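**Student:** Numbering (our numbering), first residue to last: 174 to 550. All C-beta atoms in this analysis are idealised placements derived from N, C-alpha and C, irrespective of residue type, glycine included. Keep in mind the model is a prediction, meaning the values are calculated, not measured.
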Amino acid sequence: MATACDGDAGAARPVGRAGGAEPDGSARAAAGLGGKRRSECVPLWGCATTRGHRKAMEDACAAVPPFADVPVRMLASERKLDALGRVGVDASAAMHLFGVYDGHGGSEVANYCGDRIHVVLREALSRAAGARGLSGSGELGGIQELWEKAFCECFQRVDDEVSGEASRFMFADGVSEARREPVAADDVGSTAVVALVCSSHVIVANCGDSRVVLCRGKEPMALSVDHKPDREDEHARIEAAGGHIVNWHGHRVAGVLAMSRSIGDRYIKPFIIPKPEVRVVPRTNGDDCLILASDGLWDVISNEDACRAARLHILRWHKKNNGTCFGEGGKPTISESDPASQAAAECLVRLALSRGSEDNITVIVIDLKRRKMHGQR
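#1: Can you name the start and end residues of the alpha helix (DSSP H) that tryptophan 471 belongs to?
#2: Given this structure, state the Cα-to-Cα distance separating methionine 268 from leucine 319, to the nearest angstrom.
#3: Count Cβ pairs between the segment 230–247 and the segment 270–286 that sit closer than 8 Å; are there 3 or more?
#4: Taking the C-alpha atoms as reference points, what is the distance between valine 370 and cysteine 480?
#5: Assuming aspartate 171 is part of the alpha helix (DSSP H), what are its boundary residues?
#6: Check the DSSP bridge columns for aspartate 540 and list the partner residues they point to.
#7: Would you mind stating whether valine 331 and valine 454 have Cβ atoms separated by less than 9 Å?
#8: Am I right that valine 335 and valine 356 are in contact with their C-beta atoms under 8 Å? What's the rounded C-beta distance?
#9: Looking only at its own chain, which residues have a Cβ that is under 6 Å from the Cβ of glycine 279, when we skip the five neighbours before and after it?
#10: Just curious, the beta strand (DSSP E) that serine 265 is in, first and last residue?
#11: How many angstroms separate the CA atom of asparagine 379 from the CA atom of valine 366?
#12: Would you mind reading off the limits of the beta strand (DSSP E) that contains cysteine 520?
#13: Locate the alpha helix (DSSP H) running through cysteine 480, then write down its first and last residues.
#14: Identify every residue that forms a DSSP beta bridge with alanine 235.
#15: Do valine 273 and isoleucine 537 count as a contact pair if the criterion is CB distance below 9 Å?
#16: Counting C-beta neighbours from all protein chains within 10 Å, is the total for tryptophan 421 16 or more, i.e. buried, or is it exposed?
#17: Going along the chain, which residues of its own chain have a beta-carbon closer than 6 Å to the beta-carbon of tryptophan 490, five neighbours each way excluded?
#18: Determine the direct distance from the alpha carbon of valine 473 to that of alanine 351, and round the result to whole angstroms.
#19: Please list the terminal residues of the continuous alpha helix (DSSP H) segment that includes isoleucine 411.
#20: Please go through the same chain and pick out, in chain order, the residues whose beta-carbon is closer than 6 Å to the beta-carbon of proline 443, but skip the five residues on each side of it.
#21: Which residues in the same chain have their Cβ closer than 6 Å to the Cβ of valine 419, if we skip the five residues on either side of it in sequence?
#22: DSSP on phenylalanine 324, reduced to helix/strand/coil?
#23: Between the beta-carbon of cysteine 327 and the beta-carbon of valine 293, is there less than 9 Å?
#24: Are serine 467 and isoleucine 534 closer than 9 Å when you measure CB to CB?
#25: Could you tell me if threonine 457 is buried or exposed, where buried requires 16 or more neighbouring beta carbons within 10 angstroms of its beta carbon?
#26: Measure how close the beta-carbons of leucine 465 and alanine 368 come, nearest whole angstrom, since I'm counting them as under 8 Å.
#27: Would the beta-carbon of serine 510 fall within 9 Å of that of glycine 276?
#28: With DSSP as the reference, label glutamate 450 as helix, strand or coil.
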């Protein structure tokens, strides 16, 4: 179940989730968006969080394995599908979702994103899967456009619900009814960085200054670019909309917000927008791990240091424990965190604290080494 996470000051808290459940706790099977043949990918992940030195915890996170079965035609070009023949038409890939949401002004919007984004995204992907083919030639450009459309629809819908512009189901006197009511005050918002992982691709959507970094061939590869007001393109967009940037304890939109995109923050729209930047990345055998984290980590730790620490901690854990420890029968348990990835996430939180981070910190580490599924490193 994907819910908000809270943490204690000065301690890295593990966060475990049974991803095959809806926010109300009801069990759910993976959404069947695709055909008959299914490409499996068992995620190996861990999540840790701490309130740090802040008075309140405003971060939230989500781990939703399994998330959905996505048709391979949403990931492969027409040429590759033609080579696969009928198998390619019917095939689907098991997707798993991970998200980090860094709230500001309060925790309400971050918590709502943690409960809601994966639900709305699943609906958007169902519509995309029902569409006839891809635009253009069906090459990467068309695939990129398809995923951008799905994520943009999702983030905009959640932003509309948060702002009270769209109806959402609420419980009143034991009855669920649709209402248009803001989730929080107009100065409350959240970043959102989401990663979808399957056997062939990593797909990332980012809105705000949380970040996702891939460790590939022992080197960091940033899969998102922080939305900061001093980013040249963001600065130009905000000024074109009639806004202004003030350098007060760092560059801030209207002298207030230190990021240029977020969900919520309706008091400062249209300068702040919920539109994510999306990246579709094919996986390689050299991929070690994926790190999603709030800026409580990235403000004090470089991409290089984070990748090095996570990778080495996973390797050391396996060396110390003589390989991977899975659940009953020696197989990965899809809804539970992996102890090696968990140890790496907790290590990164401790490292950030030791380097003086004063913010909430939330870290998700996903181990991408396929040979680990066979108990080997």
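**Tutor:** Walking through what the data contain:
#1: For the purposes of this step, residue 471 is taken as the residue at position 298 of the sequence shown. From DSSP, the alpha helix (DSSP H) with tryptophan 471 extends over 468–471.
#2: Your numbering for residue 268 matches position 95 in the sequence shown. Your numbering for residue 319 matches position 146 in the sequence shown. Rounded to the nearest angstrom, the two C-alpha atoms are 16 Å apart.
#3: yes
#4: Counted from its first residue, the sequence shown places residue 370 at position 197. Counted from its first residue, the sequence shown places residue 480 at position 307. Approximately 18 Å between the Cα atoms of the pair.
#5: Not covered by the structure: residue 171. The range shown for the chain is 174 to 550.
#6: The residue you call residue 540 lines up with position 367 of the sequence shown. Answer is Leu217, Cys462.
#7: Here residue 331 refers to the residue found at position 158 of the sequence shown. Here residue 454 refers to the residue found at position 281 of the sequence shown. For valine 331 and valine 454, no; Cβs fall outside 9 Å.
#8: As a first step, residue 335 must be located in the sequence shown, where it is residue number 162. As a first step, residue 356 must be located in the sequence shown, where it is residue number 183. That belief holds up - the Cβ atoms of valine 335 and valine 356 are roughly 5 Å apart, short of 8 Å.
#9: Translated into the one-based positions of the sequence shown, residue 279 becomes position 106. Contacts found: Ala357, Val361.
#10: Looking up residue 265 in the sequence shown gives position 92. From DSSP, the beta strand (DSSP E) with serine 265 extends over 264–277.
#11: Reading the sequence shown from its first residue, position 206 is the one you call residue 379. Reading the sequence shown from its first residue, position 193 is the one you call residue 366. Each residue's alpha carbon lies about 4 Å from the other.
#12: Within the sequence shown, residue 520 is the residue found at index 347, counting from 1. For cysteine 520, there is no enclosing beta strand (DSSP E); the residue is found in the alpha helix (DSSP H) stretching over 512–527.
#13: Sequence index remark: in the sequence shown, residue 480 carries index 307 (1-based). Element bounds for cysteine 480: 476–494.
#14: As a first step, residue 235 must be located in the sequence shown, where it is residue number 62. In the DSSP output, where bridge partners are listed per residue, alanine 235 has Gly272.
#15: Locating residue 537 in the sequence shown gives position 364, counting from the first residue. Locating residue 273 in the sequence shown gives position 100, counting from the first residue. It is a contact, given that the beta carbons lie within the stated cut-off.
#16: Residue mapping note: residue 421 aligns to position 248 of the sequence shown, counting from 1. Flag for tryptophan 421 reads exposed.
#17: Sequence index remark: in the sequence shown, residue 490 carries index 317 (1-based). Only Ala513, Ala516 meet the Cβ criterion.
#18: The residue labelled residue 351 in the question sits at position 178 within the sequence shown. The residue labelled residue 473 in the question sits at position 300 within the sequence shown. Cα to Cα, the separation comes out at about 43 Å.
#19: Position 238 of the sequence shown, counting from 1, holds the residue named residue 411. Taken as a continuous stretch (DSSP letters only), the alpha helix (DSSP H) holding isoleucine 411 covers 405–413.
#20: Looking up residue 443 in the sequence shown gives position 270. Within the same chain, proline 443 has close Cβ partners Ala414.
#21: To locate residue 419, count along the sequence shown from 1; it is residue 246. Closer than 6 Å at the Cβ level, and outside the excluded window around valine 419, lie Arg425, Gly428.
#22: Walking along the sequence shown from the start, residue 324 turns up at place 151. Three-state result, phenylalanine 324: helix.
#23: Translated into the one-based positions of the sequence shown, residue 327 becomes position 154. Translated into the one-based positions of the sequence shown, residue 293 becomes position 120. Yes, Cβ-Cβ distance for cysteine 327 and valine 293 is below 9 Å.
#24: Counting from 1 along the sequence shown, the entry for residue 467 is found at position 294. Counting from 1 along the sequence shown, the entry for residue 534 is found at position 361. Result yes, Cβ atoms of serine 467 and isoleucine 534 sit closer than 9 Å.
#25: Taking the first residue of the sequence shown as position 1, residue 457 is located at position 284. Classification for threonine 457: exposed.
#26: Taking the sequence shown and counting its residues from 1, the one referred to as residue 465 is at position 292. Taking the sequence shown and counting its residues from 1, the one referred to as residue 368 is at position 195. Confirmed, about 6 Å.
#27: The sequence position of residue 510 within the sequence shown is 337, counting from 1. The sequence position of residue 276 within the sequence shown is 103, counting from 1. Not a contact, by the Cβ cut-off of 9 Å.
#28: Your numbering for residue 450 matches position 277 in the sequence shown. DSSP places glutamate 450 in strand when its eight states are reduced to three.
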